[in-house]
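Q: Numbering (this note's numbering), first residue to last: 905 to 1156.
Here a beta-carbon is modelled for each residue, glycine too, at the ideal position from N, C-alpha and C.
The model shown is predicted, which means the values in this text are computed figures rather than measured ones.
Pasting a structure here, questions to come.
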Amino acid sequence: MTSKALVGKKYGPQLTEYLSTREYGRPCELAASLARQHIANAIKSLAQSESVTYQTFETLMALEWSPLCDHLDLLLDNSEVFPLCIKLLRQLHSQKISILGRAYGFMCLQFLALVVDIGKIAQVNRLDQFLEDVSKLPAGRSIGSYLNNYTRELEGEWLFSHPQGRSGLVLLLGWQQDRTGHRFCLPRIGGCRFDDTMFLLEQLWDDRKGFLCAAQLASRVFPGWGGLLLVIWNSAVQTHGFAHEPKSETPR
């Protein structure tokens, strides 16, 4: 097998081809044939980069579909999914392949968006209620829109309506320090550090044209990318602070 063929087998087709042929819809097709153990195995494989392909992420994105969504709890705690995915994207970058160059990077970002939203819900102990709600959906139904609306409302609640004001978002994301003094958030999905989010930001900025094109489609396929961007923004804020403090309005 040629080097080009090996790249295609692992990282999938060029993203433009992948999106134009609607191959990104494969998770829906896979969901009916998958069980909890299939998802557990796919998550476990993330620690073995040589065995991960773009199809691994297609399998994991099947969690977006009912009734496989009942197993979203597998993304939490000991799975370390967030740092493992970042490591995989860094390896992709080291191969001189743009994150949005092939199906692999795109589907990994889709999966990260899903993981981040589940991490927020779990951080404030609402995952059980969320899973109970989506368990009522008929088989073959996507939870994408429901998850997006649920998490955006949660972010708004903790950002704008929390008694501690802006600090509410700190609690929602679970910001804390490790033993070396480095801060990280979303511990339930393995922890997200500042350098992780800046890596994502740099890659998305470098290929911003491709990002806007992909995000336009991704918002219809899985509309959770806004939650990932919120984490990137808040990570910068937690590290560098706000550019300025908003001034109070002067009474007229």
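Which whole runs of the alpha helix (DSSP H) in the region 938-1024 are 4 residues long or more, in chain order?
A: Considered as a whole, the region 938-1024 harbours 940-949, 958-965 and 985-998 as its complete alpha helix (DSSP H) runs of no fewer than 4 residues, in chain order.
Q: Run through DSSP, which three-state label would residue 1115 get?
A: As a first step, residue 1115 must be located in the sequence shown, where it is residue number 211. Three-state result, residue 1115: helix.
Q: Assuming residue 1056 is part of the beta strand (DSSP E), what are its boundary residues?
A: Start at 1 with the first residue of the sequence shown, and residue 1056 comes out as number 152. Taken as a continuous stretch (DSSP letters only), residue 1056 belongs to no beta strand (DSSP E), being part of the alpha helix (DSSP H) at 1048-1064.
Q: Going by C-alpha distance, which of 1082, 1061 and 969 is nearest residue 1035?
A: Counted from its first residue, the sequence shown places residue 1035 at position 131. Ranking the options by Cα distance to residue 1035, first place goes to 969.
Q: Cα separation between residue 1111 and residue 1081?
A: For the purposes of this step, residue 1111 is taken as the residue at position 207 of the sequence shown. For the purposes of this step, residue 1081 is taken as the residue at position 177 of the sequence shown. Rounded to whole angstroms, residue 1111 to residue 1081 spans 32 Å at the Cα level.
Q: Excluding five sequence neighbours on each side, which residues of the same chain lie with their C-beta closer than 7 Å to the C-beta of residue 974?
A: The residue labelled residue 974 in the question sits at position 70 within the sequence shown. Counting only Cβ-Cβ distances below 7 Å, and skipping sequence neighbours, we find 1035 and 1039.
Q: Check residue 1068 in the structure and name its three-state DSSP category.
A: As a first step, residue 1068 must be located in the sequence shown, where it is residue number 164. Secondary structure at residue 1068: coil, using DSSP grouped into helix, strand and coil.
Q: Take the Cβ of residue 909 as the centre, count every other Cβ of all protein chains shown within 10 Å, and call the residue buried at 16 or more, exposed below.
A: The residue you call residue 909 lines up with position 5 of the sequence shown. Exposed, because fewer than 16 other Cβ atoms sit within 10 Å of the Cβ of residue 909.
Q: So residue 1093 and residue 986 are supposed to be a Cβ contact under 8 Å. How far apart are they, rounded?
A: Along the sequence shown, one-based indexing puts residue 1093 at 189. Along the sequence shown, one-based indexing puts residue 986 at 82. That belief holds up - the Cβ atoms of residue 1093 and residue 986 are roughly 4 Å apart, short of 8 Å.
Q: Let's test the definition: count the other Cβ atoms within 10 Å of the Cβ of residue 982 and tell me whether it reaches 16, buried, or not, exposed.
A: The sequence position of residue 982 within the sequence shown is 78, counting from 1. Classification for residue 982: exposed.
Q: Can you tell me whether residue 1141 is buried or exposed, with buried defined as 16 or more other CB within 10 angstroms of its CB?
A: Your numbering for residue 1141 matches position 237 in the sequence shown. Burial check for residue 1141: the Cβ neighbour count within 10 Å stays below 16, so the residue is exposed.
Q: Would you call the region 992-1009 in contact with the region 1120-1133, where contact means no fewer than 3 C-beta pairs closer than 8 Å?
A: At 8 Å Cβ cutoff, the stretches do not touch.
Q: To the nearest angstrom, report how far apart residue 978 and residue 1096 are at their CA atoms.
A: Translated into the one-based positions of the sequence shown, residue 978 becomes position 74. Translated into the one-based positions of the sequence shown, residue 1096 becomes position 192. When rounded, the distance between both Cα atoms is 18 Å.
Q: With respect to the beta strand (DSSP E) encompassing residue 1087, which residues constitute its N-terminal and C-terminal limits?
A: Start at 1 with the first residue of the sequence shown, and residue 1087 comes out as number 183. Segment 1087-1089, the beta strand (DSSP E) holding residue 1087.
Q: With the cut-off set at 8 Å, would you say residue 1157 and residue 1100 are in Cβ contact?
A: Nothing can be reported for residue 1157: it is not among the residues displayed for the chain, which extend from 905 to 1156.
Q: Taking residue 1103 as part of the alpha helix (DSSP H), name the residues at either end of that continuous run.
A: Counting from 1 along the sequence shown, the entry for residue 1103 is found at position 199. Its alpha helix (DSSP H) spans residues 1098-1110.
Q: Got a sec, what are the start and stop residues for the alpha helix (DSSP H) residue 930 sits in?
A: Indexing the sequence shown from 1 puts residue 930 at position 26. Its alpha helix (DSSP H) spans residues 930-935.
Q: Are residue 957 and residue 914 close, meaning C-beta to C-beta below 8 Å?
A: On the sequence shown, position 53 is the one that residue 957 refers to. On the sequence shown, position 10 is the one that residue 914 refers to. In this structure, residue 914 lies closer than 8 Å to residue 957 by Cβ.
Q: Could you work out which residue in 1043, 1021, 1026 and 1029 is closest to residue 1136 when comparing CA atoms only?
A: Residue numbering aside, residue 1136 sits at position 232 when the sequence shown is read from its first letter. Closest by alpha carbon: 1021.
Q: Exposed or buried, what is residue 1042 when buried is set at 16 or more other beta-carbons lying within 10 Å of its beta-carbon?
A: Within the sequence shown, the letter at position 138 stands for residue 1042. With fewer than 16 other Cβ atoms within 10 Å, it is exposed.
Q: From this set, 936, 960 and 937, which residue's C-alpha is nearest residue 945's C-alpha?
A: For this step, residue 945 is matched to residue 41 along the sequence shown. Taking only the C-alpha atoms, the option nearest residue 945 is 960.
Q: Compare the Cα-Cα distances from residue 972 to each of 938, 999 and 1027 and report the closest residue.
A: One-based indexing of the sequence shown puts residue 972 at position 68. Cα-wise, what sits closest to residue 972 is 938.
Q: Could you name the residues that DSSP lists as bridge partners for residue 1081?
A: Residue mapping note: residue 1081 aligns to position 177 of the sequence shown, counting from 1. For residue 1081, which the question treats as bridged, DSSP gives the partners 1087.
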